[in-house]
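Working notes for the structure below.
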Amino acid sequence: MEKEWVNPLLSDSDTRMLRVASPCGLVLFGITGDLSKNKILPAIYDLSHRGLLPASFTLIGVARPKASIPNLAAWVEDAIRDGAKTGIDETALSQLMAGFRVVEGDYDSPETFCQLNAALSAAEKERGTGGNYAFYLAIPPTLFPQVLTELKEADLDNHDHGWRRVVIEKPFGNDLRSAQELDRIVTDVFDESSIFRIDHYLGKETVQNILALRFANELFEPIWNNAHVDHVQITMAEDIGIGSRAGYYDGVGAARDVIQNHLLQLLALIAMEEPTSFEADALRREKEKVLTATHLFGNAGNSSVFAQYASGWQGGENVRSYLDEDGVSPDSRTDTYAALRLGIDTRRWAGVPFYLRAGKRLGRRVTEVALEFRRPPFLPFTDEQAAGMGSNTLVIRIQPDEGVTFRFASKVPGAQMLLRDVTMDFGYGHAFTEYAPEAYERLILDVLLGEPPLFPRQTEVELSWKLVDQVTNYWENSSRPLETYEPGSWGPLASDAMLGQDGRTWRRP
Ligand code: BG6
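Residues in the sequence shown are numbered from 846 upward in steps of one, following our numbering.
Spelled out as structure tokens, the structure:
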């Protein structure tokens, strides 16, 4: 067996802190897809480069013949060179590639799985994987049933020694009913403890930091409630359009693509009660409780907005409207922007609206959570003195420019008592020198280590669909026209009006 490669860049103390995976392999279905190319392969290399994968680690790509990439190993290397965050070390790369295998075949052919079985056994003998394998389904959900059925038929789902796990990517279904059907299919093959559902937002450092910010500090939790918080805004804005993803996106839309998962997970972490520990069960239980209590603040008509981007100028480029994008049906009612007004029926949050918005082709790429606090019950200042002052706001910047900002009023220097808002800022870039792993690095490592806290459980998925289904059903069955918005703007007027009815406005992040 090969000697373990240890990254010479790591100090002894770094190495002691590391959580290193034990002997194992990863079987990647959909290895030639965008997700694999842009995220999964670079993350695997970065893990390997950082010394977090065992020397025996074996990557087995399953590719359909029609992917027709003549030299898949060279293609994988290119993807790694393009996407790696930790820089290319030729020794580390060739060590990883020495453990790369390919199985080519259709996903519905038993022959493919027979070959896969042989490849897994060979890798166990040659490389010492211990029979431990994770099957990563980076493929469209429509293909899940056939792959899972064949894995079961070929008896690859379990092994007399070693573990078998399955990784599935969001979206988990398209609505509550299909999510339940998908779960039935997956749990028919793998037991719950071997299923890892990836919502990559949970792998982000800044998202995990919500738990640290709330529960490691004395300052925030006492005011984290309806006595002090006026409302919460969660924004996930992207400046890109749908690019070449019409095949996936059209008919899905922003509410299903990112609100059902990423944004509702953020809401759950912000609003949940303190878990008794950060073990998977304790954490998931609290998220489930708060998602159960979450509902539309009014009805779908006055608490949701769906819209599509129009054509226009964005960043010096004349961009197409959504309906003109390649592959989009000309009468599509798919939302490229969605906003929701939610409430949470708990003692802590009763009466506090949570406004969520997500969209493509908006002003800039930014994801943030902003808690806007109430104004003090009494202000010993004149209106004129307080004119420059807003409300205290805590902004958790998920990305980019990761950090936390607190806005509060201060006296403007000078002979008068004039107030103006100032900010106190924590930025990851300034505060830490440590390497911040990409979400996929963290999540893939957790799969290989068998650690589930950062993966949502089926109940969370279903509770989120229950909420989003109400809104998508309303828009799918309503004759209300879909508003459009200018590329590079902050969304449609109807969204401003949704907050306007509460006397509030969206932040300009
Ligand atoms: C994915 C969505 O889950 O998240 C994409 O399917 C979106 O539509 C992407 O672009 C954004 O991820 P991130 O990490 O760049 O915010």
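Beta carbons are placed, not taken as given, at the ideal position from N, Cα and C, and that holds for glycine.
Keep in mind the model is a prediction, meaning the values are calculated, not measured.
| query | Between Asn1070, Gly1098, Ala1061 and Ser1174, which lies nearest to Pro1120 when the distance is taken from Cα to Cα? | reply | Ala1061
| Hey, how far is the Cα of Asp1002 from the Cα of Asn1019? | 25 angstroms
| Environment of Trp1158 [buried if 16+ CB atoms lie within 10 Å] | exposed
| Tell me which same chain residues have a C-beta within less than 6 angstroms of the C-beta of Asn1070, skipping the five on either side of it? | Arg1193
| said: With a threshold of 8 angstroms, are at least 3 pairs of Cβ atoms found where one atom belongs to the region 1275-1290 and the other to the region 1043-1058? | reply: yes
| field | Nearest-angstrom beta carbon gap, Tyr1154 and Gly1088 [assumed within contact, 8 angstroms] | value | Not quite, the Cβ-Cβ distance comes to about 13 angstroms (not below 8 angstroms), so this is no contact.
| request: Check the DSSP bridge columns for His1076 and list the partner residues they point to. | output: Glu1217
| query | CB of Asp1246 to nearest heavy atom of the ligand BG6: below 6 angstroms? | reply | no
| message | By alpha-carbon positions, which one of Tyr890, Gly1096 and Gln1078 ends up nearest to Ala900? | response | Tyr890
| Residues in its own chain within less than 7 angstroms of Arg1349 by CB, not counting five upstream and five downstream? | His1076
| request: Just the C-alpha distance for Asn916 and Arg1325, rounded to the nearest angstrom, thanks. | output: 51 angstroms
| message | Quick check: the Cα distance between Ala1125 and Pro1297, rounded to an integer number of angstroms? | response | 6 angstroms
| At least 3 beta-carbon pairs within less than 8 angstroms: the region 1327-1337 vs the region 1180-1197 | yes
| query | Which whole-angstrom value describes the C-beta separation of Gln991 and Pro1301, a residue pair presumed to lie in contact below a C-beta threshold of 8 angstroms? | reply | Not really, about 24 angstroms apart at Cβ, beyond 8 angstroms.
| said: Please state the DSSP three-state secondary structure of Gln1053. | reply: helix
| How long is the line joining the alpha carbons of Ser954 and Thr1191, rounded to whole angstroms? | 51 angstroms
| said: Whole angstroms are fine: how far does the CA of Ile1055 sit from the CA of Val1214? | reply: 10 angstroms
| field | Thr860, buried or exposed, once every other Cβ within 10 Å from all chains shown has been counted against 16 | value | With a pLDDT of 48 at Thr860, under the threshold of 50, the modelled position of that residue is not reliable, and the figure given next carries that caveat. Label assigned to Thr860: exposed.
| field | Contact test: Asp1095 Cβ vs the ligand BG6 heavy atom, cutoff 6 angstroms | value | no
| task | Give the DSSP-derived three-state secondary structure of Val1034 in the structure shown. | result | helix
| query | Going by other Cβ atoms of all chains shown within 10 Å of its Cβ, with 16 needed for buried, is Lys882 buried or exposed? | reply | buried
| query | Contact check, Val1150 vs Ser1340 under 8 angstroms by CB: the rounded distance? | reply | 5 angstroms
| task | For Asp1102, verify whether its CB is less than 6 angstroms away from any heavy atom of the ligand BG6. | result | yes
| request: For Gly1157, write down the residues that DSSP places opposite it in a beta bridge. | output: Val1164
| message | To the nearest angstrom, how far is the alpha carbon of Ala1203 from that of Cys959? | response | 43 angstroms
| task | Whole angstroms is fine: what's the gap from Ile905's alpha carbon to Ala968's? | result | 9 angstroms
| task | Take Leu1308 as the anchor and find which of Gln1053, Phe1017 and Ser1174 has the nearest alpha-carbon. | result | Phe1017
| task | Give the range of the beta strand (DSSP E) segment to which Arg1042 is assigned. | result | Ile1040 to Ile1043
| query | Given that a residue counts as buried once 16 or more other Cβ atoms are within 10 Å of its Cβ, and exposed if not, what is Pro1282? | reply | buried
| From Glu847 to Phe902, what does the alpha carbon distance come to, in whole angstroms? | Legend: pLDDT at Glu847 = 43, less than 50; position of this residue unreliable, value from coordinates given subsequently. Each residue's Cα considered, the two are about 10 angstroms apart.
| query | CA-CA distance, Phe1035 and Val1011? | reply | 7 angstroms
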